[in-house]
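Visitor: If you read the sequence shown in this note's numbering, its first letter stands for residue 1, the second for the next number, and so on. For every residue, glycine included, the Cβ atom is placed at its ideal position computed from N, Cα and C. Just so you know, these numbers come straight off a predicted model, no measurement behind them.
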Amino acid sequence: MDRSPGAMAAVLTDGREMQAPHLGLIDAAFEQVAAGKPTRLLLTMPPRHGKSRRAARWAPLWYLRRRPEHRVMIASYSSDLADDHGRWIRDAILNYGPQLGISLRPGSSAANRFDLVGTEGGAVMAGVGGGLTGKGAHLAVVDDPIKDAAEASSPTMRKRLWEWWQAVLLTRIEPGGSVILIQTRWDEDDLAGRVLADEGDRWTVIDLPALALSEDDALGRQLGAALWPERYDAAALAEIRRSVGERVWWSLYMQQPRPQDGGVWQWPWITDNRIGAAQLRGIDLARIVVAVDPAGGESAVGDETGIVAAASDREGHLYVLDDRSGNRGADAWGREACLLAIELRADAIVVESNYGGDMSRQILLQAWQELQREQRTESMLMPAVLPVAAKHGKRLRAEPIAQLYEQGRVHHVGEWPTLEQQMVTWVAGMDSPDRMDAAVHALTQLADPQQAGAVSSTYRDGRLARRR
1 MDRSPGAMAA VLTDGREMQA PHLGLIDAAF EQVAAGKPTR LLLTMPPRHG KSRRAARWAP
61 LWYLRRRPEH RVMIASYSSD LADDHGRWIR DAILNYGPQL GISLRPGSSA ANRFDLVGTE
121 GGAVMAGVGG GLTGKGAHLA VVDDPIKDAA EASSPTMRKR LWEWWQAVLL TRIEPGGSVI
181 LIQTRWDEDD LAGRVLADEG DRWTVIDLPA LALSEDDALG RQLGAALWPE RYDAAALAEI
241 RRSVGERVWW SLYMQQPRPQ DGGVWQWPWI TDNRIGAAQL RGIDLARIVV AVDPAGGESA
301 VGDETGIVAA ASDREGHLYV LDDRSGNRGA DAWGREACLL AIELRADAIV VESNYGGDMS
361 RQILLQAWQE LQREQRTESM LMPAVLPVAA KHGKRLRAEP IAQLYEQGRV HHVGEWPTLE
421 QQMVTWVAGM DSPDRMDAAV HALTQLADPQ QAGAVSSTYR DGRLARRR
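1. What does a CB cutoff of less than 7 Å around A295 pick up in its chain, not counting 5 residues either side in sequence?
2. Name, in chain order, the residues that DSSP records as bridge partners for R335.
3. Tell me, to the nearest whole angstrom, how far the beta carbon of G334 is from that of L364; I am working on the premise that it is less than 8 Å.
4. From L191 to P145, what does the alpha carbon distance come to, in whole angstroms?
5. If you reduce the DSSP assignment to three classes, tell me which class R54 lands in.
6. List the DSSP bridge partners of E352.
7. If you follow the alpha helix (DSSP H) that I401 is part of, which residue opens it and which one closes it?
8. Three Cβ pairs or more, each shorter than 8 Å: is that satisfied between the region 211-226 and the region 183-198?
9. Only counting the same chain, and skipping five residues up and downstream in sequence, which positions put a Cβ closer than 7 Å to that of A402?
10. So, are the CB atoms of A447 and V308 less than 8 Å apart?
11. Compare the Cα-Cα distances from R314 to each of D322, D284, R324 and report the closest residue.
12. Alpha helix (DSSP H) containing A82: first to last residue?
13. With a CB to CB cut of under 7 Å and the five nearest residues on each side skipped, what residues in its chain are close to W164?
14. Whole angstroms is fine: what's the gap from G101's alpha carbon to E336's?
15. Which residues in the same chain as A9 place their Cβ atom closer than 7 Å to its Cβ, once the five residues preceding and following it in sequence are excluded?
16. Under a three-way DSSP split, which group does V427 fall into?
17. Roughly how many angstroms lie between the CA atoms of G297 and R397, to the nearest whole one?
18. Nearest to S178 by CA position, among L42, V351, R345, W426, is which residue?
19. Let's see if you can read the secondary structure: which residues bound the alpha helix (DSSP H) around L280?
20. Considering D322, what are the terminal residues of the beta strand (DSSP E) in which it resides?
21. S109 by DSSP, collapsed to three states: which one?
22. Determine contact between the region 61-75 and the region 195-203, defined as no fewer than three beta-carbon pairs at a distance below 8 Å.
23. Could you tell me the alpha carbon to alpha carbon distance between C338 and E378, rounded to whole angstroms?
24. Using a Cβ-Cβ cutoff of less than 6 Å, which residues in the same chain neighbour W228 once the five nearest sequence positions on both sides are dropped?
25. On the CB-based measure, 16 or more other CB atoms within 10 Å of its CB, does S4 come out buried or exposed?
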């Protein structure tokens, strides 16, 4: 039972308690704290995926068994919910006390506070905004600090929560103590968002969207894989998405909240004009380009290099074909961009040159020569390399492309979740992500009337067979 909260739960319930890989990440956080390692953990995950039961009930119970001399604090959006957690833990100690090796001190067994026999340890429960004066904690667990959308969208409520977090909760942590914040994301400026903005470098962040969004997923899932397929498989999640709408889906389920308004792109402009690979095969494409926005360039969001392919047809419609963006060094992104150009028979590679000058062109040339030596260019001539110097502000570059989306003239071939989320969450004044910048460069190049006459007659539709 000492190994983990999940292992203890399995023993005490004869294997009936639910187990899953993502719940194992919660277990691992508590194991680290119990081992004496001060921890600041932010874990975000969708509703109805077992986080509260594991993080606010089984795990604190296990922790008290392991460290009975410690004080645990559990906070939730309301005192009633926090007391429910406390009542559950208290009753579990009463029911399983002999197996756990801990028991309640007589006269100190309330749902909102109880103490253990023979030690200074115990637990205190509180609602967000409630007072904790005189109460300290070696471990504070904040589970679901936001009640609903109304609270999340209220600047006043968000401010109150943040003030409580700073002035009340954090001031109650004992030296060397730990804080675990587990929540479903509601808003860019919710508690998790503020923690990341204010002191993100001090926190370990585990982000668990309902469907995996990136190759470096915390659980090692493949792109698009469900978080808990035994309960919510891809079909069930698709039905939830249809029911709750895009904003709720991306916030609560994908942990990627976006602004309610003010964004340059809107979801319907993407979703209403999406097509599949089969539909693309009947379209006569005029041009195909691959655009690269190297890491360390004008975009300051993360270390990704944006690599996006797009095409245009003879009617003036544009198509986003692929997103190969990722965390890559110069040699790797040059090679990936060239491979994508070969795969799609692109006639040009557009590369932002503000921070690289001729270096970007040289990286692509060297990558192409290496692929030639490996006989991987399929006798194709190297596409033209078109350096782009971003002379205008990001909004001035993005808005003309966003207008084409609004007019229904840009079509995503399949789904590109990370790119699309970056687009709809971006607001003028923010640093723009590299994927979005690469897409804007590609689509701008294709939409330029001076380039409309170029023709790519060697495009092979079969290369898009793997599109989602």
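Guide: Short version:
1. For A295, where only same-chain residues beyond five positions count, the Cβ hits under 7 Å are D303, E304, T305, D434.
2. Answer is none; R335 lacks a bridge partner.
3. Confirmed, about 5 Å.
4. Distance between the alpha carbons of L191 and P145: 8 Å.
5. Here R54 sits in helix by DSSP.
6. Its beta-bridge partners are V388.
7. Here the alpha helix (DSSP H) through I401 covers 394-406.
8. Result no; under three Cβ-Cβ pairs closer than 8 Å.
9. Here the set comprises V264, W265.
10. No.
11. Closest option to R314, Cα to Cα, is D284.
12. Per DSSP, A82 belongs to the alpha helix (DSSP H) from 79-100.
13. Close CB contacts of W164 within its chain, under the 7 Å cut and outside five residues either way in sequence, are with V128, G129 (chain order).
14. If you take the alpha carbons of G101 and E336, they lie about 57 Å apart.
15. Excluding residues within five positions, the ones whose Cβ falls inside 7 Å are E17, W58.
16. For V427, the three-state secondary structure derived from DSSP is coil.
17. Residue confidence for G297 is low, a pLDDT of 48 falling below 50, so the modelled location carries little weight; the figure read from the coordinates is stated next. Distance between the alpha carbons of G297 and R397 is about 16 Å.
18. Comparing C-alpha distances from S178 to each of L42, V351, R345, W426 shows the shortest one belongs to L42.
19. Where L280 is concerned, the enclosing alpha helix (DSSP H) stretches over 277-280.
20. From DSSP, the beta strand (DSSP E) with D322 extends over 318-323.
21. It is a strand residue.
22. Contact between the region 61-75 and the region 195-203 is not established, with fewer than three Cβ pairs separated by less than 8 Å.
23. Inter-residue distance for C338 and E378 is about 12 Å (C-alpha atoms, whole angstroms).
24. Within the same chain, W228 has close Cβ partners A20, H49.
25. In summary, S4 is buried, with 16 or more beta-carbon neighbours lying within 10 Å of its beta-carbon over all protein chains present.
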